[in-house]
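Have a look at the structure below before the remarks.
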Amino acid sequence: MSNEEIIGKINEFLVEEFEVPAEKITANANLKETLELDSLDYIDLVVVIESNFAFKVKPEDFVGIVTFEDFYNYIISRVNAKEFA
């Protein structure tokens, strides 16, 4: 799966699950603020990631994630690590 395909899939489920307009999802936008995430929403986000990309997410994985670009890079690196394992 290419990086563009991964990002497309991420944006698709963010629009569907969090009902955020696609145009608000930009690389430099703040993930938490744009999606209006609270603690329960983070759980939903973890479930969606795990079901779409088949890897486990740990809460501490989100510590360094601020922007959508950080989020994309995290998922891309995990998907790539899984594919090469």
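Last residue of the sequence shown: number 85 in full-length UniProt numbering, and the count goes up by one each step with no gaps.
Cβ coordinates follow ideal geometry from the N, Cα and C atoms, glycine included.
Check	Outcome
Segment limits, alpha helix (DSSP H) that includes Asn-52	39-53
When Leu-37, Ile-76 and Phe-68 are compared against Asn-28, the one with the closest alpha-carbon	Phe-68
Neighbourhood of Val-79 by C-beta distance below 8 Å, restricted to the same chain and skipping five residues each side	Met-1, Ile-6, Phe-53 and Phe-55
Beta carbon of Ile-25 nearer than 9 Å to that of Leu-37	no
Span separating the alpha-carbon of Asn-11 from that of Glu-60	22 Å
Cβ neighbour criterion (16 or more within 10 Å) applied to Ile-49	buried
Cβ-based burial, Leu-40 [other Cβ within 10 Å; buried from 16]	exposed
Which listed residue (Thr-34, Val-46, Tyr-72 and Asn-30) has its alpha carbon closest to that of Val-66	Asn-30
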